[in-house]
Amino acid sequence: MVCFRSHGHFSRRSSMMLSKRSKAASRASMILILGKNTLSEWRRTGCSMGEILTFVAMMLKRLLVPFCMLWIFSVSAGENVPRQEAGVNWHGGFLYAHHPDMRHLVQKHFSSVEVYYHRQFSGKKDWHHHYQMPSWGLAAMFMPFPSDALGNAFAGFTYYYLPVANGERFSLNYKLGAGMAMLSNRFDRVENNRNNAISTRANVLLQMAVDGRLQVHRQLAFHIGVAMTHFSNGAVRKPNLGLNFFTAQAGLSYAPSVDRGIDSEQRYFVKPARWNMSLFAGVGVKQEMTRQGDVRPAATVQGLAERRISPKFSYGMGAEINGNANLEIAHREKEIETNALTPYRAGLLASAAFHFGRMAILAQAGGYVFNPGNVDGVVFNRFGLRHDISDRWKVNLTLRTHFAKADHFELGMVYQINRP
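Under the numbering used here, residues 1201 to 1620 are what the sequence shown spells out, in order.
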């Protein structure tokens, strides 16, 4: 190269055939390859400050041209296109000890990082406009837990980003997310018996958040809010007290285009004049009450009457019978007399559903009217998803709980008796 002066390398006179630009580029590239930028290194290689600046200008020119083309393309995309954003959130908060046996796990506050991307729905369906043009998104989270026994969590999940109130520069939004998380530490009877909250590495993640979004620049927004993140394996394996984290969050998001997204429109909705009657049957599994015990089956049969009162919401009431093979073992451990009806419970419930087209987020709460032994208390809950696959059939995936304590997952089918 032209910057070397001895030992058979090209002399400056023999390199006069090269242009000044190529000479500057070759010498400056040598500096960059060496990774040093001190004045002594410049002198040793024979490169002047002017040649270095010439090379930098050449590289900036090559990089800025495609960048400017991309920026012009994003701006020219117009205002009637779905908005998309990418961003990062910092979370700071604490583990909520909802059970006395896990208070030793609350050692300190903690912080975590979340990166995400979301895109506004197209507006082609009525429910997009009923929810003021929400977005769907993908997120990844790294969460160092506030206890050495718990370790760290790596999570990936999908979510809905739902506008609650929209202003010129500020909006209030609600976030609902679900996905999977891998935990570095789990319960082990010998090596990690202090972790009495989670016994599997793979767990379900649920997240709910309220997010305030302030537009600080045409393409840059500041976010601040609060979130609740839950980890559980659905009692597939014990112990499974579950983990509930409450955090404050703050972050920045970047939109590649300056459009305001697709505006929502008022869509006409006809309220049904009758109640919808349906039957649900679902199955699941649950480990015995004792740690490291056998996994046994559970099942639920439910009848439900629902009334749709808006395009987004319906309410209902119903009755169900739940069978759980672990109840007989729990009765024996507590020295409660058993009989043929011990594995069964029956209850009445109230139901609510938020509808997103063919999918609905379901929440139910009820009380037992037949509950031998009262092992799990009187109140039960259910949270999950239902998806229409036809006019009469739906797929159901829910988690049955007793307050914050998971009972078991339910996978099943729903049959609507009267045609909508």
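Just so you know, even glycine gets a beta-carbon here, dropped at the ideal spot from N, CA and C. Fair warning: this is a prediction, and the values are worked out from it, not measured in the lab.
Give a yes or no on whether the C-beta atoms belonging to Pro1346 and Leu1295 are separated by under 8 Å.
As a position in the sequence shown, residue 1346 is number 146, starting the count at 1. As a position in the sequence shown, residue 1295 is number 95, starting the count at 1. The answer is yes: Cβ separation under 8 Å.
Return the Cβ separation of Arg1545 and Asn1522 in integer angstroms, given the expectation that the two are a contact with Cβ distance under 8 Å.
Here residue 1545 corresponds to residue number 345 of the sequence shown, with the count starting at 1. Here residue 1522 corresponds to residue number 322 of the sequence shown, with the count starting at 1. That belief holds up - the Cβ atoms of Arg1545 and Asn1522 are roughly 5 Å apart, short of 8 Å.
For Met1302, does the three-state DSSP call read helix, strand or coil?
The residue given as residue 1302 occupies position 102 in the sequence shown. In the structure shown, Met1302 sits in a helix (DSSP, three-state: H, G or I).
How would you write the range of the beta strand (DSSP E) that Asp1588 sits in, first residue to last?
Reading the sequence shown from its first residue, position 388 is the one you call residue 1588. 1579-1588 is the span of the beta strand (DSSP E), which, as asked, contains Asp1588.
With the cut-off set at 8 Å, would you say Gly1379 and Ala1355 are in Cβ contact?
Here residue 1379 corresponds to residue number 179 of the sequence shown, with the count starting at 1. Here residue 1355 corresponds to residue number 155 of the sequence shown, with the count starting at 1. Contact flag set, yes.
Does Ala1435 come out as helix, strand or coil in the three-state DSSP assignment?
The residue you call residue 1435 lines up with position 235 of the sequence shown. In the structure shown, Ala1435 sits in coil (DSSP, three-state: anything other than H, G, I, E or B).
Flag this pair as yes or no: are the beta carbons of Val1483 and Leu1611 separated by less than 8 Å?
Taking the first residue of the sequence shown as position 1, residue 1483 is located at position 283. Taking the first residue of the sequence shown as position 1, residue 1611 is located at position 411. Their beta carbons are under 8 Å apart, which means Val1483 touches Leu1611 by this criterion.
What do you reckon, are the CB atoms on Lys1590 and Ala1553 nearer than 8 Å?
The sequence position of residue 1590 within the sequence shown is 390, counting from 1. The sequence position of residue 1553 within the sequence shown is 353, counting from 1. At residue 1590 the sequence reads Ser, which differs from the Lys that was named. No, Cβ-Cβ distance for Ser1590 and Ala1553 is not below 8 Å.
Looking at C-alpha atoms only, which residue of Leu1585, Leu1599, Lys1605 is the closest neighbour of Pro1300?
Counted from its first residue, the sequence shown places residue 1300 at position 100. Cα-wise, what sits closest to Pro1300 is Lys1605.
Could you give the distance in angstroms between the alpha-carbon of Leu1479 and the alpha-carbon of Thr1598?
Here the question's residue 1479 lines up with position 279 in the sequence shown. Here the question's residue 1598 lines up with position 398 in the sequence shown. Those two C-alpha atoms are separated by around 15 Å.
Over what stretch of residues does the alpha helix (DSSP H) that includes Arg1532 continue unbroken?
If you number the sequence shown from 1, residue 1532 lands on position 332. Per DSSP, Arg1532 belongs to the alpha helix (DSSP H) from 1526-1533.
Which listed residue (Ala1473, His1309, Val1579, His1430) has its alpha carbon closest to that of Leu1383
Translated into the one-based positions of the sequence shown, residue 1383 becomes position 183. Nearest option by C-alpha distance: His1430.
Looking only at its own chain, which residues have a Cβ that is under 6 Å from the Cβ of Arg1582, when we skip the five neighbours before and after it?
As a working note, residue 1582 is residue 382 in the sequence shown. Same-chain partners within the cutoff: Gln1564, Thr1598, Arg1600.
Which residue spans inside the stretch 1368-1424 form an unbroken alpha helix (DSSP H) run of at least 4?
none
Check for me: the beta strand (DSSP E) holding Asp1607 runs from which residue to which?
Taking the first residue of the sequence shown as 1, we reach residue 1607 at position 407. Counting along the chain, the beta strand (DSSP E) containing Asp1607 begins and ends at 1605-1616.
Of the choices Gln1415, Ile1398, Tyr1359, whose alpha-carbon is the least far from that of Gly1367?
Looking up residue 1367 in the sequence shown gives position 167. Looking at the Cα atoms, Gln1415 is the closest of the given residues.
Among His1423, Ala1409, Gly1557, the one whose alpha carbon lies nearest that of Val1288:
As a working mapping, residue 1288 is identified with position 88 in the sequence shown. The shortest C-alpha separation from Val1288 is found at His1423.
Tell me which residue opens and which closes the beta strand (DSSP E) that His1555 is part of.
Reading the sequence shown from its first residue, position 355 is the one you call residue 1555. Element bounds for His1555: 1544-1556.
Chain-order list of residues whose beta-carbon lies under 7 Å from that of Ile1536 (same chain, five-residue window excluded):
Residue mapping note: residue 1536 aligns to position 336 of the sequence shown, counting from 1. Only Gly1573 meet the Cβ criterion.
In the DSSP assignment, the beta strand (DSSP E) including His1602 goes from what residue to what residue?
Sequence index remark: in the sequence shown, residue 1602 carries index 402 (1-based). Here the beta strand (DSSP E) through His1602 covers 1593-1602.
Could you tell me the boundaries of the beta strand (DSSP E) in which Trp1336 lies?
Along the sequence shown, read from residue 1 onward, the residue named residue 1336 stands at position 136. Element bounds for Trp1336: 1335-1344.
Is His1304 buried or exposed, if buried means 16 or more other CB atoms sit within 10 Å of its CB?
For the purposes of this step, residue 1304 is taken as residue 104 along the sequence shown, with counting starting at 1. By the 10 Å Cβ count, His1304 comes out exposed.
Do Met1477 and Asn1618 have their C-beta atoms closer together than 8 Å?
If you number the sequence shown from 1, residue 1477 lands on position 277. If you number the sequence shown from 1, residue 1618 lands on position 418. Yes.
Looking at Asn1524 and Lys1486, is the spacing between their C-beta atoms short of 8 Å?
Taking the first residue of the sequence shown as 1, we reach residue 1486 at position 286. Taking the first residue of the sequence shown as 1, we reach residue 1524 at position 324. Result yes, Cβ atoms of Lys1486 and Asn1524 sit closer than 8 Å.
Measuring only the C-alpha atoms, how far is Asn1571 from Leu1548?
In the sequence shown, the residue the question calls residue 1571 occupies position 371. In the sequence shown, the residue the question calls residue 1548 occupies position 348. When rounded, the distance between both Cα atoms is 12 Å.
To the nearest angstrom, how far is the alpha carbon of His1318 from that of Leu1441?
Translated into positions along the sequence shown, residue 1318 becomes position 118. Translated into positions along the sequence shown, residue 1441 becomes position 241. Answer to the nearest angstrom: the Cα atoms are 32 Å apart.
Run of the beta strand (DSSP E) containing Trp1475, from where it starts to where it stops:
The sequence position of residue 1475 within the sequence shown is 275, counting from 1. No beta strand (DSSP E) holds Trp1475; DSSP gives it neither H nor E.
Can you find the residues in the same chain that come closer than 8 Å, C-beta to C-beta, to Met1333, ignoring five residues on each side of it along the sequence?
Here the question's residue 1333 lines up with position 133 in the sequence shown. Cβ within range, chain order: Gln1320, Phe1321, Gly1323, Pro1363, Gly1461, Ile1462, Asp1463, Ser1464.
In the structure shown, what three-state DSSP assignment does Gly1518 receive?
Working through the sequence shown from its first residue, we reach residue 1518 at position 318. Reduced to three states, the DSSP call for Gly1518 is strand.
Would you say the beta carbon of Gly1518 comes nearer than 7 Å to a heavy atom of the ligand COA?
Judged by which ligands are present, the structure shown has none, so any question about the ligand COA falls away.
Could you pull the start and end residues of the beta strand (DSSP E) that His1328 belongs to?
Residue 1328 sits at position 128 when you count from the first residue of the sequence shown. Not the beta strand (DSSP E): His1328 falls in the alpha helix (DSSP H), residues 1326-1330.
Here's a check: name, in chain order, each residue in its chain whose Cβ is nearer than 8 Å to the Cβ of Val1569, leaving out the five neighbours to either side.
Within the sequence shown, residue 1569 is the residue found at index 369, counting from 1. For Val1569, where only same-chain residues beyond five positions count, the Cβ hits under 8 Å are Ala1546, Gly1547, Leu1548.
Indicate the three-state DSSP secondary structure (helix, strand or coil) for Gly1573 in the structure shown.
Locating residue 1573 in the sequence shown gives position 373, counting from the first residue. Gly1573: helix per DSSP, three-state reduction.
Within this structure, are the beta carbons of Lys1375 and Ala1409 separated by less than 8 Å?
Mapped onto the sequence shown, residue 1375 falls at position 175. Mapped onto the sequence shown, residue 1409 falls at position 209. Yes.
Please list the terminal residues of the continuous beta strand (DSSP E) segment that includes Phe1445.
For the purposes of this step, residue 1445 is taken as the residue at position 245 of the sequence shown. Start and end: 1443-1454.
Which class does Arg1619 belong to by DSSP, given the choice of helix, strand or coil?
Sequence index remark: in the sequence shown, residue 1619 carries index 419 (1-based). Arg1619 falls in the coil class under three-state DSSP.
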